[in-house]
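Per the working numbering, the sequence shown runs over residues 24 to 241.
First the structure, in the form of structure tokens, and then the observations on it.
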Amino acid sequence: MELLIMINACKIASSSRVTAVIPCFPYARQDKKDKGFFDIPVDNLYAEPAVLQWIRENIAEWKNCIIVSPDAGGAKRVTSIADRLNVEFALIHKERKKANEVDRMVLVGDVKDRVAILVDDMADTCGTICHAADKLLSAGATKVYAILTHGIFSGPAISRINNAAFEAVVVTNTIPQEDKMKHCTKIQVIDISMILAEAIRRTHNGESVSYLFSHVPL
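Shown next, in the form of structure tokens:
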């Protein structure tokens, strides 16, 4: 609502164009809908280039890693990352009884003697990724990392992460994490401010933002 009020104020002030930069679209999960509810042009930015850079710079054994999706819906995401790292991927099929509660998990893929990297778009209460970490370790993974675009971390999330066997839980700074990091040393943050800044510059100058889909601006 605040965003709509600000946009309205800009329009009343005769602005020729208004571009809203929303690092994390609130109150909206990434579930697919049959039909959208507006026809405003949208450029969806991706954290994948920054994630790849973090993996190469911070995980010494990344060449022996396996990229894991905690659900079937993220298969496309993990295959893209795995292909660009030239490593294998796996996925976990989960059955839910209701929201935020996972009934059963089935691992598809071989993680034995590998560093497992869980990749997901967001984590809320962190029940899924913590159960997934246990599943991967029981299947023979040597270490488990979690990399998430948006770290919501509500309810019991922090205590669950602290009690889980993660080497690190990595999120971008689309949501401020300073307070959460005080209570959980496993949380690390990837700064994507340069991606947003370059997207703003390119949009303002009428340039394509597709360059950002595969590169991290310097």
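We put the CB at the ideal spot given by N, CA and C, even for glycine.
| task | Entirely within the region 62-149 and at least 4 residues each: give me those alpha helix (DSSP H) ranges in chain order. | result | 71-81 and 98-108
| field | Distance CB(I90)-CB(F61) smaller than 7 Å | value | It is not a contact, given that the beta carbons lie outside the stated cut-off.
| DSSP state of K166, grouped into three classes? | K166: strand per DSSP, three-state reduction.
| message | Closest to K158 by C-alpha separation, out of A139, S216 and G96, would be which residue? | response | When each option's Cα is compared against that of K158, the closest is A139.
| query | Between the beta-carbon of T42 and the beta-carbon of T226, is there less than 7 Å? | reply | yes
| By the 10 Å Cβ neighbour count, where 16 or more other Cβ atoms means buried, how is P93 classified, buried or exposed? | buried
| query | Under a Cβ-count criterion, where at least 16 other Cβ atoms within 10 Å of its own Cβ denotes burial, should G178 be classed as buried or exposed? | reply | exposed
| Three-state secondary structure (DSSP) of S198 | The sequence shown places Ile at residue 198, rather than the Ser named in the question. In the structure shown, I198 sits in coil (DSSP, three-state: anything other than H, G, I, E or B).
| field | Same chain, Cβ closer than 6 Å to P46, neighbours up to 5 away in sequence not counted | value | T197
| Once you ignore the five residues that flank G163 on each side, which residues in its own chain have a CB closer than 7 Å to its CB? | V134, K135 and D136
| message | DSSP has L171 in a bridge; who is on the other side? | response | D143 and V194
| request: Scan the region 208-238 and note each continuous alpha helix (DSSP H) run of 4 residues or more that stays entirely inside, going in chain order. | output: The qualifying runs are 216-227.
| Under three-state DSSP, which class holds M24? | coil
| query | If you compare alpha carbons, which of C207, Q211, K209 and Y234 is closest to M217? | reply | Y234
| From A73 to H116, what does the alpha carbon distance come to, in whole angstroms? | 27 Å
| query | Is it true that the CB of F189 sits closer than 7 Å to the CB of V167? | reply | Going by C-beta atoms, V167 is nearer than 7 Å to F189.
| request: Could you name the residues of the same chain whose beta carbon sits closer than 7 Å to that of R107, not counting the 5 residues immediately before and after it, in chain order? | output: L75
| Candidates D66, I78, L27 and D147, of which the one nearest I181 by Cα | Selected option, being the one with the closest Cα: D147.
| said: Check this for me: beta carbons of V193 and I170, under 7 Å apart or not? | reply: yes
| task | Starting from the C-beta of E71, find all residues in its chain whose C-beta is less than 7 Å away, skip the five residues before and the five after it, and write them out in chain order. | result | S103 and I104
| query | Roughly how many angstroms separate the alpha carbons of V44 and S231, rounded to a whole number? | reply | 16 Å
| Count the other CB atoms within 10 Å of the CB of E84; is the residue buried (16 or more) or exposed (fewer)? | exposed
| query | What first and last residue would you give for the alpha helix (DSSP H) that runs through I45? | reply | Here I45 belongs to no alpha helix (DSSP H), and DSSP marks it neither H nor E.
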